[in-house]
Structures are given as structure tokens and as C-alpha cells.
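Numbering (the working numbering), first residue to last: 40 to 327.
Glycine residues also receive a C-beta, built at the ideal position from the N, C-alpha and C atoms.
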């Protein structure tokens, strides 16, 4: 396993971690000032400053992108499916323009939550079928753009509204059906917050292998957690064995960034950006 204790070369900041403290250009400037060499931006943050300005800022700071958030939200009723397809194709184009190593897919839940305005449904199996169909269709576009797609399984508490793919097993089953040759075009994003609880996690990471491990996200699970979306912990403040999980992915050949992604409305979003980034650096060296 790589030694992170001496530097933070392999630290990436998911820009949601400091989204309340500044816009994307300010986040890029702060990361550059702290010697952070990679980020993973969100599409809404890019849209706010404009894609061209975001591309210039990333290149000007010589940053790499450990990912781009996010494509997906595939389930939709018939009236909203064209919107879904167009939106995901734009996400692929944006990720390619920014030079991301992958487009992270948060696949969506029931149609009315994935694509607001869609007719209400309780058909979770149908939503999962739409997810696989949507990824299959997007895969052709992504291959043409040279942009790998990373399915991110989310904790089961999000099955209705954010992601009906909730385990590494589900995500890798989709990968195996749609990309049986393990071409590198389709894989997974392993987010510690969402999968740490899974008793099959080590085996499924091994199943994924180097070809399918496209991203690794870190934060921590707090006990108690006061908000299931907006109370993620800083690494080391919770109960996840992050070094063990990193060891599992690196044993399979993953050699990319450890991407810090923290949604924290009442703690880390309330602190100055420089303090948050400095803490991310220290925790990356000591507990990841």
C-alpha cells in the first residue's frame, strides 16, 4: 500500500467538500495554493462559472480530475426520457472537455425523484431496469468520447430518490452484462460512505479488479449521524476503517487518487475553506 504520510500527492478534493465556501474558480485557486493536485468538480458548479472558464482554470492550475460529478439519474417517464438522454450526453462532453478520468454515475431512484415531473411510481425493479438501459445507451456515446463511466453504488437509504444501485455486487453485475470484455469503458466508484457496511465489500473489490476500479472516495460515518445526506464526517472522526479499504483497492492495482467528498452542512461547510483543506491534507496523511 502506498505511503501517504509524507505528502499529499494522491489527495483529490471533490469540490462538494467546500461548495459553500466559494465558487469553483475560488476552490481551484485554494487547492492550487495548498498544493492539491486533483479535484472532482460538480456540474452545477461548472455551470455557474461556465465550462470554458472552468477548463481554463483547471489547465492554468495544472490540475487533474479524479472524476466528474455527475451523470446518471436515468429513470424517467416517457415524457422525460429525451431530457435524460440529452443531459447525460452533455455530462460526457463536459467531462471530456475538463479532462476527467471518469464520469461518475449516480444512477437515480424512482422516476419522480430522478427526473422531477415524471409520473409517480413505486416500481423499483422497473427503475433498475431503466438504469441498465440508460447506461447501455450512454456507453456508446462515452466510448466515442473516450470517457469511462463509473457507477457509484449508494447506501440503501437512497434507493428511492438518488440511486437504486446500492451494492458493489449490483454495480458489477451491470458492468459484466454491458462490458463483458472489461474494456475499461465501464466500472465503479467505490465511496467509503456508501459501501463500508457491506459484508461482501472485500470480495467485490477483488471482483472489480484494476479494470473496473475507476474512483475511490473517502470520508467517514459518524455515530450518531444527524442527517443522512448532510452529516458526513471528516476522515478519522467516525467508524470506517479507511486504511483497510484503501488496502483492498490498492491490492487490486488501483493507483489513483483518494478523493475526499464530504457533505457537512453544520460542520465542515461552516468552516473557512483553508481550514477545511488543511484538515483534509492532514487526515489524508494520517488516517487514510
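Helix, strand or coil: which one does DSSP assign to residue i?
i	result
residue 183	helix
residue 202	strand
residue 68	helix
residue 320	helix
residue 231	helix
residue 173	helix
residue 213	helix
residue 299	strand
residue 62	coil
residue 313	helix
residue 259	strand
residue 308	helix
residue 165	helix
residue 189	strand
residue 78	strand
residue 325	helix
residue 92	helix
residue 226	strand
residue 254	strand
Using only alpha-carbon positions, find the residue among the options that is nearest to residue i.
i	options	result
residue 92	133, 73, 249, 120	133
residue 115	90, 61, 201, 56	201
residue 144	164, 279, 42, 210	210
residue 169	242, 187, 150	150
residue 228	137, 187, 57, 311	187
residue 287	194, 246, 314, 65	246
residue 78	113, 46, 140	140
residue 302	52, 161, 42	52
residue 48	313, 312, 298	298
residue 57	325, 220, 313, 190	313
residue 18	148, 178, 226, 185	Residue 18 lies beyond the residue range present for the chain, which begins at 40 and ends at 327; the question has no answer from this structure.
residue 94	74, 113, 63	63
residue 256	267, 272, 242	272
residue 207	253, 232, 240	240
residue 164	230, 179, 203	203
Just the Cα atoms here: how many angstroms apart are residue i and residue j?
i	j	result
residue 16	residue 70	Shown here, the chain extends from 40 to 327; a query on residue 16 therefore has no answer.
residue 130	residue 274	29 Å
residue 198	residue 205	7 Å
residue 54	residue 80	5 Å
residue 323	residue 61	22 Å
residue 84	residue 123	19 Å
residue 110	residue 307	25 Å
residue 290	residue 40	7 Å
residue 102	residue 72	12 Å
residue 276	residue 259	6 Å
When every heavy atom of the ligand HEM is checked, does at least one fall within less than 6 Å of the C-beta of residue i?
i	result
residue 316	Among the ligands in the structure shown, none appear at all, so the ligand HEM cannot be discussed.
> Which parts of the region 94-161 are runs of the beta strand (DSSP E), unbroken and 3 residues or longer, counting only runs that do not cross its ends?
Replying inline: 107-111, 142-145
> Which runs of the alpha helix (DSSP H) fall wholly inside the region 266-291 and span at least 4 residues, in chain order?
Replying inline: 281-290
> Is the region 113-123 in contact with the region 84-103, if contact means three or more CB pairs nearer than 8 Å?
Replying inline: no
> Is the region 155-169 in contact with the region 100-112, if contact means three or more CB pairs nearer than 8 Å?
Replying inline: no
>> For the pair the region 233-250 and the region 263-275, tell me if three or more CB-CB distances fall below 8 Å.
In response: no
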